[in-house]
Every structure is written in C-alpha cells, then in structure tokens.
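Enquirer: Let me begin by handing over the structure; questions about it come next.
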Amino acid sequence: QLENLLLSQIATPPPSPYAYPGVIVQVLSTTKNDVFDTNSAAYVDIPGLSVTITPRSATNKILVIYNVAAMGNTALPSNGNGFLQLYRAATPVNIGAAAGTRTSASNMINYNFANTATFTSTEISSNSGNYLDSPATVAATTYSLKVKANPNSTLYINRSSADTDNAAHGRVTSTITVME
Numbered sequence: 002q003l004e005n006l007l008l009s010q011i012a013t014p015p016p017s018p019y020a021y022p023g024v025i026v027q028v029l030s031t032t033k034n035d036v037f038d039t040n041s042a043a044y045v046d047i048p049g050l051s052v053t054i055t056p057r058s059a060t061n062k063i064l065v066i067y068n069v070a071a072m073g074n075t076a077l078p079s080n081g082n083g084f085l086q087l088y089r090a091a092t093p094v095n096i097g098a099a100a101g102t103r104t105s106a107s108n109m110i111n112y113n114f115a116n117t118a119t120f121t122s123t124e125i126s127s128n129s130g131n132y133l134d135s136p137a138t139v140a141a142t143t144y145s146l147k148v149k150a151n152p153n154s155t156l157y158i159n160r161s162s163a164d165t166d167n168a169a170h171g172r173v174t175s176t177i178t179v180m181e
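Count along the sequence shown from 1, add 1, and you get the number used in the working numbering.
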C-alpha cells in the first residue's frame, strides 16, 4: 500500500538534514530588557543586543530581523535624529547608499524636540528592519546593532527621553533574531 512507502525507498536521502532548500535550520534570538543611553557621535554597540550564529553550510543564507525601541532628546531641532546600524562582525550591512555628508544607516531614530509639540517626552519609537545576508562561512558569525546620536543630544534605548517614575513613562524591550 502507498501509505507504507518510505521516502528512502523512492528517493536517495540528502547527505544531511540541512540539504533541503527553504528549510529553516536554526533560529536564535536575543532580547534586551534593560535601558541604555549614549551621546556618542560615533557608532557604539548597544550592550546586550547581539546574537551569534554558526551556519551549518557556507551556502546558507541568514535572515536577520530586529526591532530597537529608541528615542532621543535634544533642544536643537536641526539635529533631530539618531541613527541605527546593523553589523555583521565589524562590517556594517543593510545600510543606505552614501551621498555627500549624509549619514548611511539601517534606520533613522526620531527625537523628542524639547522646544516643539511634535513629540512628547513619553514616546518611544519602534525601529525595525530585516536583512537577508549571505555570510559565506561556517564560522561563528555575530550580528549586532549600533547607534549614534547627533551632537548635543542623547539617545535612549528601551525608555522614553523622560524616565521619571510615572505610569505614563514606559520601559520596553528590543530584539534581534537570526534564522538560517
């Protein structure tokens, strides 16, 4: 009877379970639930927001999915954005094309302008992205997220720019997930 046939009786099995195209081999994720802030004008690591994966095959692709909860605060609306960048080891990936003095980044982070009503101090923006990478290696590969603030400003991760003990001021999480 047909239902008793085994796949091995009608086809040669692949050399490993990872040889089937389109199969998710592994999923790893990191969640950051504490807060971080920086006023650095150079990209700095978001502590605790990285994930390391060891691909099973050099031809496999890695899908990176991230969400960073962030908000900045500045009294200078002309400097009203921070920047988020995805890295594979020390190499930035999934960034915008360079053009003049514009900042290349994976995401731009909105700021709370101290002298406008555009944003309130209790807001936190969700900065998400995904990137399909081809690292071409079977070595352990680390994906991380870095941020930088504009001059005269502070960038906050997982909290609003006003963080007083008040039910209207939230604390949230950020995540990075990789799938091979």
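Quick reminder that beta carbons are idealized off the backbone N, C-alpha and C, glycines included.
1) Looking at the unbroken beta strand (DSSP E) that takes in Val152, where does it start and where does it end?
2) Which parts of the stretch 30-103 are runs of the beta strand (DSSP E), unbroken and 3 residues or longer, counting only runs that do not cross its ends?
3) Please list the terminal residues of the continuous beta strand (DSSP E) segment that includes Asp134.
4) Determine contact between the stretch 126-133 and the stretch 37-50, defined as no fewer than three beta-carbon pairs at a distance below 8 angstroms.
5) Would you identify the three-state DSSP class for Ile110, choosing helix, strand or coil?
6) Grouping DSSP H, G and I as helix and E and B as strand, with all else coil, what is Val179?
7) Under the rule that 16 or more other beta-carbon atoms within 10 Å means buried, what is Ser175, buried or exposed?
8) Where Tyr67 and Thr60 are concerned, what is the direct C-alpha to C-alpha distance, given to the nearest angstrom?
9) Going straight from the alpha carbon of Asn95 to that of Pro48, what length do you get?
10) How long is the line joining the alpha carbons of Ser107 and Asp166, rounded to whole angstroms?
11) For Asp38, count the other beta carbons within 10 Å of its own beta carbon; 16 or more makes it buried, fewer makes it exposed. Which is it?
12) Note down, in chain order, each residue of its chain lying with its Cβ closer than 8 angstroms to the Cβ of Asn82, except the 5 sequence neighbours on either side.
13) Output the distance between the C-alpha atoms of Thr31 and Leu50, rounded to the nearest integer angstrom.
14) Classify His170 as helix, strand or coil using the three-state DSSP reduction.
15) Per DSSP, what kind of secondary structure is Val24 in: helix, strand or coil?
16) Exposed or buried, Asn153, counting other C-beta atoms within 10 Å across all chains shown (16 or more means buried)?
17) Since I believe Ile54 is in contact with Thr178 (beta carbons under 8 angstroms), could you give me their beta-carbon distance rounded to a whole number of angstroms?
18) Please classify Leu3 as buried or exposed, where buried requires at least 16 neighbouring CB atoms within 10 angstroms.
Expert: With the structure as the only source:
1) In the sequence as displayed, the identity of residue 152 is Pro instead of Val. Under the DSSP assignment, Pro152 falls outside any beta strand (DSSP E); it carries neither an H nor an E label.
2) Listed in chain order, the complete beta strand (DSSP E) runs (minimum 3 residues) inside the stretch 30-103 are 37-39, 45-54, 63-75, 82-89, 92-94.
3) Asp134 -> beta strand (DSSP E) spans 126-134.
4) The stretch 126-133, when compared against the stretch 37-50, does not touch it at the 8 angstroms Cβ threshold.
5) Residue state, collapsed to three classes: strand.
6) It is a strand residue.
7) Per the 10 Å Cβ criterion, buried.
8) When rounded, the distance between both Cα atoms is 23 angstroms.
9) So the alpha carbons of these two residues sit roughly 20 angstroms apart.
10) Taking C-alpha positions only, Ser107 is separated from Asp166 by approximately 32 angstroms.
11) Buried: at least 16 other Cβ atoms inside 10 Å.
12) Result list for Asn82: Gly73, Met109, Ile110, Asn111, Tyr112, Asn151, in chain order.
13) Taking the CA atoms as reference points, Thr31 sits about 6 angstroms from Leu50.
14) When secondary structure is reduced to three states using DSSP, His170 falls in the coil class, being assigned neither helix nor strand.
15) In the structure shown, Val24 sits in coil (DSSP, three-state: anything other than H, G, I, E or B).
16) So Asn153 counts as exposed.
17) So it is not a contact: roughly 10 angstroms between Cβ atoms.
18) Low confidence applies to Leu3: its pLDDT is 44, below 50, so where it sits in the model is not reliable, and the reading given next is rough at best. With fewer than 16 Cβ atoms within 10 Å of its Cβ, Leu3 is classed as exposed.
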